[in-house]
Structures are given as structure tokens and as C-alpha cells.
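In the order they appear, the protein sequences are chains A and B.
Sequential numbering of the first sequence, starting at 1, is according to our numbering.
Sequential numbering of the second sequence, starting at 574, is according to our numbering.
Heads up, the thing below is written out as C-alpha cells.
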Amino acid sequence: MTAIPDPVTALPELSPAWARVRLALMALAVDPAGLGGLWLRARSGPVRDAVTGALTALPLPVRRLHPSLGDEALFGGLDLTATLAEGRQVRTEGLLAQPSALVLTMAERCPAGLAARLAQALDHPRHCLVALDEGAEAEEALPGALADRLALFLSLDDIPLAEAVPLALDLEQIAKARARFLKLRVPPRAAVTLTGVAASLGITSLRAPLLALRLARVLAALRGHAGVRAEDVTTAAELVFAHRATRWPEAAEDQPPPPAPDTENEGDSDGENRPDPGDIPEELVLEAVRAALPEALLDQLAIARAARATGGATGSGEARPGHSHGRPLSARPGRPSAGLRLDLIATLRAAAPWQGMRRKTALQDRLVHIRPSDLRIKRYQERNERVLIFAVDASGSAALARLAEAKGAVELLLARAYARRDHVALIAFRGAGAELILPPTRSLVQTKRRLAGLPGGGGTPLAAALQMAQDTAVRARAKGLTPVLALLTDGRANVALDGTPGRARAEAEAVVAAKAWRRAGFAGVVIDTAARPQDGLRALSATLGAAYLPLPRATAERLSSALEAALTPLQAG
Amino acid sequence: MTKTHTPRQPFPFSAIVGQEDMKSAMTLTAIDPGIGGVLVFGDRGTGKSTAVRALAALLPPIEAVEGCPINAPRRDLCPPWAQGVTDRMVTKPTPVVDLPLGVTEDRVVGALDIERALTRGEKAFEPGLLARANRGYLYIDEVNLLEDHIVDLLLDVAQSGENVVEREGLSIRHPARFVLVGSGNPEEGELRPQLLDRFGLSVEVTSPRDIETRVEVIRRRDAYENQYDKFMKTWRVMDAGLRNQILAAREALPKLKTPGVVLHDCAALCLALGSDGLRGELTLLRAARALAAFEGDTAVRRTHLRRVAPMALSHRLRRDPLDEAGSAARVGRTLAEVLP
């Protein structure tokens, strides 16, 4: 990390990583709304507390949000107690009413709806968002809609407690910087450089270079520079781009040639047509970001890929429309009890029309007359979305063509999936184990991308495939989906769970896994892709409790229609 | 709070760099709302939301009865349940109503006014977002993530142009005619075909590939943020020019000629593509007419058809998941064959 520690903003006793944290927080304190905020990936603990504690330096009131936060808390709503007491409508002020630093806890669980609202709120630069992401696994991460809008990213996982000394943010320095950062001279090349570097790192969103440009101003102001200098651009690029990169920057000679020396566009930079003294070579900035990559990026690259794989916006892939709480139905009369929540508004609505009449006959003088018959409870429709888990034998024994057919069938099913509320997941098994190629998704675009590069060959680790199918099914069920397995194989299990070859053990383990699947109460279909129906496989499907379907030489079309036919009774049941 | 938030105008529509398809699709619906809305699908950070908000500022204002919850153009068209309606007419910006994800059904369609019910024992209707969107635009960001029950509701209303509320003893109906604008990221999920079909036009946006364009985006955005007054001075003029062009096109539209050969072309193209129903054909024609009017032509020509065909038809094709090229390319191929 070349530009950090920084002579002006870092203190000598800080470790480089911790100095970077401090610098990011200082910058955020200068321009919280303009920078959008900070994505803080860390487990809860003293190191994270040291960072969140420093947020008091922000010129905005800190407010905590929770992923299950409702619209009422966000935008304000009816204050029922006050409304009833005063007999007129009293509304509460929502969290978004005043500019504030919104601290979102458990950001990796933020549902799409909340993410969309917060993203919208961030589009008007009043608030800043600090997203505390405690994602344990790479695929649990901040929703993309939010990550895209926050300039800064910090991961604290590698910072030992000993390094995490209290972060003394220099408030005076921050205030000074705040007063002047917007007035700083910015060399026109800065925008060109930042855009070019972002492009070489495979960052498509144009918010990234914009935020980096903004950050460069802030850093220059913090460092007391008269204008934005190369080092400010470099540090800004590191802080904003490193976690967004989707590919390694190619070697410098492979870069597209830098744009021709400034063909200035319609004078939106005051007479800056003269050659720029603060020229910022793109290669140097790129080199600096590249230097920042190994630590911050390698796992981030994986995270980014995984997040895209699971659906980007929700990170955890959890709250897809329709099954986060199910389709709300109209409230029905009833008493709240375990599992049944009172729908207060509906209750009041039910009582409202009768108020005049009840008031006349009431023995006591009350503002609102509620009778037990007015009580309403919330109802949600049963979730009926299904996830089809394809477990496809990609071993050498299964012809490669089979795999191609399975891919085609997955796509076909998915193309018709929406109406049936199907999600599709794909497990491929071959060689030493099974791999979840495609986590449950309903996105055809994603599926195509993931399927494109699926290789085949090797042994048949059937038990591993069944185990993975079960894991996937259990997770899907936790999200309210109904898992159904479609196992495509010729049934010749010959690799054990530990990856060692051996037919007897492999088959025994497959039976155990199949029994576990059945115990869990999941449904399924076994498609025998061997040239002649295999008795062993027929037996295995009985153990699984799955329908058996011998289907040699299936085309993608036949496969998908056979599957649909076989699954229809399951769907009904 | 510390600094008052100066209500800035949205980023000007004409200052959006590139994204010509998106911009022209939106312009066409502004000329002829009957085209039926725009769907913008694509990467993050490509200016989808920016364009919609900019569109709101660009559209010509409407005349409406003051205080009318459904923006009625005449006093006698105001609904009987409306509160606080006066006899005056006001000019107000074309409504662009945001329909947020996770919105409740009550907020969309309207519901019993609790305040009046509790305090006065009156059964009154509190209009929802559909009422406010009447005669304007309804914008749904991340439309593909919208909950199914809200989608169903929208389909229903968009089809009939009327919002029917039967709940809590209320029985209310009011006009709800609006242009749907939806945006989303296809990686996050598919859009239901029924809803897809409801959008007149659909465009895909991608991040610009060449550095020069990307730099220009950054420059303009930076100027908007940091030299607001100067920036707006230039672009407000451009926006005004575009607005006038839209108004002129609206006037020219009824007089525009549609030669029989163009109708024939429309039908031939839709047949060749196998697009479902007549909706595609009608939208294609309407969009082509709007484009011709926008460009000051007196008659629709094949060139107009050719240019609007991808945005009018690509989302209406039967999906062929095994075709790697995507539906826009299919429209392009067929165009080249049918309308050389």
C-alpha cells in the first residue's frame, strides 16, 4: 500500500491497515453524504467497536437501522398511541426525515425492499450509510444496490486487536477540510485517470469513478493540498476501487492507449486548457491499486463473484420477492396468540365505522371503542414457490452430451419458471466431489453465464451429490421454498465421500445419503440417463422416495417436458 | 439541520451521455403516452434512475383541478369522495410517482382514512399512489423484485385504467391512467411475462464501453455536483428545447400520415417474429408515428419502423433460452430479412 500511511493523516504508531481505516473514517467525516458511506465488513467485536465508536466524528446524528425495519420507521407513520390519545392523526417522524448517518446492522441480511429504499434515499445526498456487514460466508454480503452507492469499503477481519488502538480522529483537521474540499482545483486528467483505472479493473458502474473523484478532493483537503494531486487520486482509487474490481488489471502494455491529451469538452473546466502540471499517469494509479489488491481484493473478488451468483441484490439470496413474508392476505378476525400477530391498523379500521354508534351507547367515555370482534390478525399466504435442484452426473461414465442436455433442460425450465414460481439450482458431480454450480436462482441471465463453463469428466461421487443436494434443500426450505430434487445420472457410484475411488463404499454411502433425503421429507425425481435402465438406480430412487424415469438419449426438450410431467403430481401434493 | 438541503433540479435529461435507446424510448412515451410505458433493464450505475427523474422535470406541465387527488382535468371529473377540491385550475408538473418495493397494498390502492374514521366516525377514503399517478407516470425501480401481489394489482389497474377499491366497507372507483416506467437489473431475477408485455417499449442499458464516453459521464456528473449553477444554465436550455420538440410532436401526431405500406410492414415484421397478440404491432406503429412526429416528418416511413422495432418488440418474443444472441439480436436479424 504505497500511499498509506500518510504523513498528514496517519499517526506513526498506527499499523498500515489501521491507518487506512483511520484515513477512510476521516474522509467520511469530511463529506459523509457526498461519499455515500462505508461498507464495513467485520464480525462484531472490539475492533469493529473501535471503528463504529469513531463515527461520532461525523457531522450527522447516528441512527441505527435493522434489516427488518419497516416503512413506518423509515418514512414515518401513524403514531397510534398519540392518535388515540389526542383524537387526531399524529404521525411519527421517520428515520429518513432528518439528514443522518444511518448505521445498518447485519447488512448482509438486508432484504431487497429495504435496500432499494435506502438506495433511493442515498441518491439524494443527505444521508450517509454505514453498512455493518457480518457475513460469515463469502456469498453473504451487502446488497449490490447499496454497495454500489457507498464509496468506502473496509474489511477488519485481518486486523488484530493489538493494532486496533483508539482512533483519534482530528476534528479540527476534518472541519478545515470540510470547509475547503469543494473549492479545490481538480486537474481535468483526474477524471480521465480514475475512469480509465476503473475500466481496467472491470468495474462497470460509473458511480465508482465519480465517488473516487469526490474522495480525491476530500483527501487533498485533508492533506492540506492546494489542489488534487496524483497521490490523492491514487489513494482514492485504492479505497474506492479495490473491493469493486472484478478482474485483475492486465499488464500495462495491454491497456488501451490513454485517451489523446485532453480534447477539452465544452469549457466545463475554467480555462484549464493549458497543459496540466499535476498530470496523473494512469499506470501509476493502477499500479497502486494493484498493490492494494492482494490483501483487500483476492477474497473480495471471490465475494463479488459469489454475490453475483446468488443474486447480487440480496447477497444472502434470501428475500426474493414473494417469499420474504409471503403474500399478505387481508387480515382476518381473531385473537392474537402465539404465531398470530395483531394487525393494529386493520383492527382500528374494523372498529372505526362503529365509533359514532358505540359512543352513544357506551357506559364509559372513551376515545376509541374497541370490541373483541374488531380484533384482526395478520395473515400471510402459504409459500408455494419451488426450487428444482438439479444434480447432474458430469462424470466420465455419463456421456458429456448428457450434461449438455441437462444444461438445456435447466434453461428451458427456467425460462418457463416464473409462472410456476420455480427457482432452479444446479449441482454437478464428478471426480472427487460435488459442486454447487448454480445456487437457487430465478435469473435466466445468471444461469446462462454459470452453465456456460461447466466441465465434465472423472468418477461418480453420487453420495457427495446427494449430500450437497440435501444441504441446498435444507437451506432453501429455511427460506420458505419447497425443494425438489432432479437427479440425472447413470447410477454407477464409484467415488466415496472422502474422494477415494471404490464402488462398494461409494454405493453404500449413496444409500445412506438417499435415506437421509427421504427422512427429511423432500420430494424428487431420478432420471436414468444410461443406455439401458439400471436396476441399481431404480432401487436407489425407491430409497430416495423419488419417481424413477429411465430416459436414455434425452434431448433438452424431452428432458424438460418429462420432468414437468413427473413433477406435476408433486407440485399438487 | 446544519445545511439546508437546497432543492436541486434533477440531473437534466439532455445532459445524460449516450444511452440513446433509453432516452428516445422515454421521449416517445412523452409524445404519445398511449405507447404504454418503458422498461429499462441493465447494469447498475448506468443512469436508469437518473433518466426517470430527469424525465419528470422535462415533461410539459398538466392542467388540473386544484386539490384534486386524481389530477382531474375538469371539476366534474373529480371523484365525489375527494376532499379539499377547489374550483380553481392549477398548472402542475406531470406527476411521476415512485412505487417503492415492499409497498403495502393499502398505500398503492388507497384505504379507509383512519384519522377521520376514528375522530369523526366517518367512512372516508384516503387515496393511494395509483390516484396520484393518474395522468402521469408510475415509476417502479427494481420492478423485477416487486412482490407478486402488487404486480397483480398493477396489471389489473394498468389494463382497465381504473382503480377499484372494495375493502372495509368502502366501495370506490377512480380513474388511474398512467405510463409505467420500470427499471431493473436482470441478474436479480426475471420479470413475469404478463408484466413484461404491459410495457410498451423495453430497452437494455449497458455501461458505455469506451473510455471517452465514460469520462464524459463523470465530467458532467461532477460539474452537476460541483458547479451546479453554471452547469444547469447550459443544460436547462437544452432541456427546454427538447420539451418544445416534444410539444410540437404531440401537435403534429394527429396529422401524421400512415401509408398502407407501413401497416403492411408492421404486420409482416410481427408475423416473422411470431410475437404474441396484436399489442406488439400496435405499439410498434404508435412508437414509429411518435418518432416520425418527433423528427418533424409528415408521414411514417420504414426507417422509423426499423429504428423503433427493437424496443417495441424484443420483450414480446417467446423466449428461446437456447438462443445465445438474445432477443434484441433476433429482432435485428428479422428486421434485416423482412424490411431490407
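In this text, a Cβ means the ideal position worked out from N, Cα and C, and glycines have one as well.
Quiz item: Would a C-beta distance cut-off of 9 Å place ALA469/A and LEU485/A closer than the cut-off?
Solution: Your numbering for residue 469/A matches position 469 in the first sequence. Your numbering for residue 485/A matches position 485 in the first sequence. Their beta carbons are under 9 Å apart, which means ALA469/A touches LEU485/A by this criterion.
Quiz item: Listed in chain order, which residues of the segment 707-736 of chain B have Cβ atoms closer than 7 Å to some Cβ of chain A?
Solution: ASP714, GLU715, LEU718, LEU719, GLU720, ASP721 and HIS722
Practice problem: Taking LEU563/A as the reference, give the member of ARG532/A, ILE527/A, GLY545/A and ASP535/A with the closest Cα. | Solution: Position 563 of the first sequence holds residue 563/A. LEU563/A has its Cα closest to that of ILE527/A, out of ARG532/A, ILE527/A, GLY545/A and ASP535/A.
Quiz item: Can the beta-carbon of THR482/A be found closer than 9 Å to that of ARG379/A?
Solution: Start at 1 with the first residue of the first sequence, and residue 482/A comes out as number 482. Start at 1 with the first residue of the first sequence, and residue 379/A comes out as number 379. Not in contact: THR482/A and ARG379/A (Cβ atoms no closer than 9 Å).
Self-check item: Whole-angstrom C-beta distance between VAL197/A and ALA237/A, which should lie under 8 Å
Solution: Here residue 237/A corresponds to residue number 237 of the first sequence, with the count starting at 1. Here residue 197/A corresponds to residue number 197 of the first sequence, with the count starting at 1. Indeed they touch by this definition, with Cβ atoms about 5 Å apart.
Self-check item: Beta-carbon neighbours of SER209/A, restricted to chain B and to distances below 9 Å
Solution: For the purposes of this step, residue 209/A is taken as the residue at position 209 of the first sequence. The residue you asked about is not Ser; residue 209/A is Pro in the sequence shown. The contacting residues are ARG787, VAL788, VAL790 and ILE791.
Exercise. Say whether chain B places a C-beta atom closer than 9 Å to the C-beta of ASP365/A.
Key: Position 365 of the first sequence holds residue 365/A. Answer no: the Cβ-Cβ gap between ASP365/A and chain B never drops below 9 Å.
Quiz prompt | Sequence-distant residues of the same chain with beta carbon closer than 7 Å to PRO606/B, five excluded per side | solution = Within the second sequence, residue 606/B is the residue found at index 33, counting from 1. Hits under 7 Å: VAL752.
Exercise. Taking LEU576/A and SER200/A to be in contact with their CB atoms under 8 Å, please state how far apart those CB atoms are, rounded to whole angstroms.
Key: What is shown of chain A runs 1 to 573, which leaves residue 576/A out entirely.
Quiz item: Does the segment 159-174 of chain A touch the segment 225-236 of chain A, meaning 3 or more C-beta pairs lie closer than 8 Å?
Solution: no
Quiz prompt | Length at least 4, wholly inside the segment 479-559 of chain A: the alpha helix (DSSP H) runs in chain order | solution = 503-519 and 535-544
Quiz item: Under 9 Å between the Cβ atoms of GLU763/B and LEU444/A?
Solution: For the purposes of this step, residue 763/B is taken as the residue at position 190 of the second sequence. For the purposes of this step, residue 444/A is taken as the residue at position 444 of the first sequence. Yes, the Cβ-Cβ distance between GLU763/B and LEU444/A is below 9 Å.
Exercise. Would you mind giving the Cβ-Cβ distance between PHE241/A and ALA220/A, rounded to the nearest angstrom? I have them listed as a contact below 8 Å.
Key: Here residue 241/A corresponds to residue number 241 of the first sequence, with the count starting at 1. Here residue 220/A corresponds to residue number 220 of the first sequence, with the count starting at 1. With a Cβ gap of about 18 Å, PHE241/A and ALA220/A do not count as contacting.
Practice problem: Could you list which residues in chain B have their beta carbon closer than 8 Å to that of VAL192/A, in chain order? | Solution: The residue you call residue 192/A lines up with position 192 of the first sequence. Those are ILE784 and VAL788, listed as they occur along chain B.
Quiz item: Quick one: Cα of ALA860/B to Cα of THR234/A, how far?
Solution: Here the question's residue 860/B lines up with position 287 in the second sequence. Here the question's residue 234/A lines up with position 234 in the first sequence. Distance between the alpha carbons of ALA860/B and THR234/A: 47 Å.
Quiz item: For ARG794/B, which residues in chain A fall below 7 Å Cβ to Cβ?
Solution: Residue mapping note: residue 794/B aligns to position 221 of the second sequence, counting from 1. Within 7 Å Cβ-Cβ: LEU210.
Exercise. Compare the C-beta of VAL474/A with all C-beta atoms of chain B and state if any pair is closer than 9 Å.
Key: Numbered from 1 along the first sequence, position 474 holds the residue referred to as residue 474/A. It does not: the Cβ of VAL474/A has no partner Cβ on chain B nearer than 9 Å.
Quiz item: Does VAL445/A come within less than 9 Å of chain B when only Cβ atoms are used?
Solution: For the purposes of this step, residue 445/A is taken as residue 445 along the first sequence, with counting starting at 1. For VAL445/A, the answer is yes, since a Cβ of chain B falls inside 9 Å of its Cβ.
Practice problem: Grab me the residues of PRO46/A's own chain with a C-beta within less than 8 Å of its C-beta, minus the 5 sequence neighbours each way, in chain order. | Solution: Counting from 1 along the first sequence, the entry for residue 46/A is found at position 46. For PRO46/A, where only same-chain residues beyond five positions count, the Cβ hits under 8 Å are LEU161 and ALA164.
Quiz item: Bridge partners of LYS830/B, per DSSP?
Solution: To locate residue 830/B, count along the second sequence from 1; it is residue 257. According to DSSP, which records beta bridges pairwise, LYS830/B is partnered with ALA872/B.
Self-check item: Interface positions of the segment 141-160 of chain A facing chain B (Cβ-Cβ less than 8 Å), listed along the chain
Solution: GLY144, ALA145 and ASP148
Quiz item: For HIS837/B, does the count of other Cβ atoms within 10 angstroms reach 16, so buried, or fall short, so exposed?
Solution: Position 264 of the second sequence, counting from 1, holds the residue named residue 837/B. Under this definition HIS837/B is an exposed residue.
Quiz item: For chain B, is any of its Cβ atoms less than 9 Å away from the one on ALA198/A?
Solution: Position 198 of the first sequence holds residue 198/A. Yes, ALA198/A lies at the interface with chain B (some Cβ there is under 9 Å from its Cβ).
Quiz prompt | Contact set for VAL776/B: own chain, Cβ-Cβ below 6 Å, skip 5 residues either direction | solution = Position 203 of the second sequence, counting from 1, holds the residue named residue 776/B. ASP594, MET595, ALA598, VAL613 and MET884.
Practice problem: Select from the segment 110-121 of chain A all residues with a C-beta closer than 9 Å to any C-beta belonging to chain B, and list them in chain order. | Solution: PRO111, ALA112, GLY113, LEU114, ALA115, ALA116, ARG117, ALA119 and GLN120
Exercise. Pull up the CB-CB distance for GLU172/A and ARG43/A, whole angstroms please, since I reckon it's below 8 Å.
Key: As a first step, residue 172/A must be located in the first sequence, where it is residue number 172. As a first step, residue 43/A must be located in the first sequence, where it is residue number 43. No, GLU172/A and ARG43/A are not in contact; Cβ-Cβ is about 33 Å, not under 8 Å.
Practice problem: Can you give me, in chain order, the residues of the segment 588-618 of chain B that have a beta carbon less than 8 Å from any beta carbon in chain A? | Solution: ASP616, ARG617 and GLY618
Quiz prompt | Per-residue contacts from ILE370/A into chain B (C-beta, under 9 Å) | solution = In the first sequence, counting from the first residue as 1, residue 370/A sits at position 370. By Cβ distance, chain B contributes nothing, its closest Cβ being about 11 Å from ILE370/A, past 9 Å.
Quiz item: Mind checking if ASP671/B is an interface residue toward chain A, Cβ cutoff 9 Å exclusive?
Solution: What you label residue 671/B is simply residue 98 of the second sequence in a count that begins at 1. Yes, contact with chain A.
Quiz item: By Cβ distance below 6 Å, which residues in the same chain neighbour ARG440/A in space, the five residues on each side in sequence not counted?
Solution: Numbered from 1 along the first sequence, position 440 holds the residue referred to as residue 440/A. At residue 440/A the sequence reads Pro, which differs from the Arg that was named. Hits under 6 Å: VAL387, HIS423, ALA425 and ALA476.
Quiz item: Is there a Cβ from chain B that is less than 9 Å from the Cβ of GLN389/A?
Solution: As a working note, residue 389/A is residue 389 in the first sequence. The question names Gln, yet the displayed sequence has Ile at residue 389/A. So, not an interface residue.
Quiz prompt | C-beta neighbour in chain A for ASN817/B, strict 9 Å | solution = On the second sequence, position 244 is the one that residue 817/B refers to. Chain A contact via Cβ: absent.
Exercise. Give me whichever residues DSSP pairs with HIS747/B in a beta bridge.
Key: One-based indexing of the second sequence puts residue 747/B at position 174. Partner(s): ASN736/B.
Quiz item: Going by the CB atoms, is the gap between ALA547/A and LEU537/A shorter than 9 Å?
Solution: Residue 537/A sits at position 537 when you count from the first residue of the first sequence. Residue 547/A sits at position 547 when you count from the first residue of the first sequence. No; because the gap between Cβ atoms is not below 9 Å, this pair is not in contact.
Quiz item: Name the chain B residues whose beta carbon is nearer than 9 Å to that of ILE345/A?
Solution: In the first sequence, the residue the question calls residue 345/A occupies position 345. Those within 9 Å of ILE345/A in chain B are ASP679, ALA684 and ILE687.
Exercise. Return helix, strand or coil for PHE153/A, following the three-state DSSP convention.
Key: Position 153 of the first sequence, counted from the start, is the residue given in the question as residue 153/A. Three-state DSSP puts PHE153/A in a strand.
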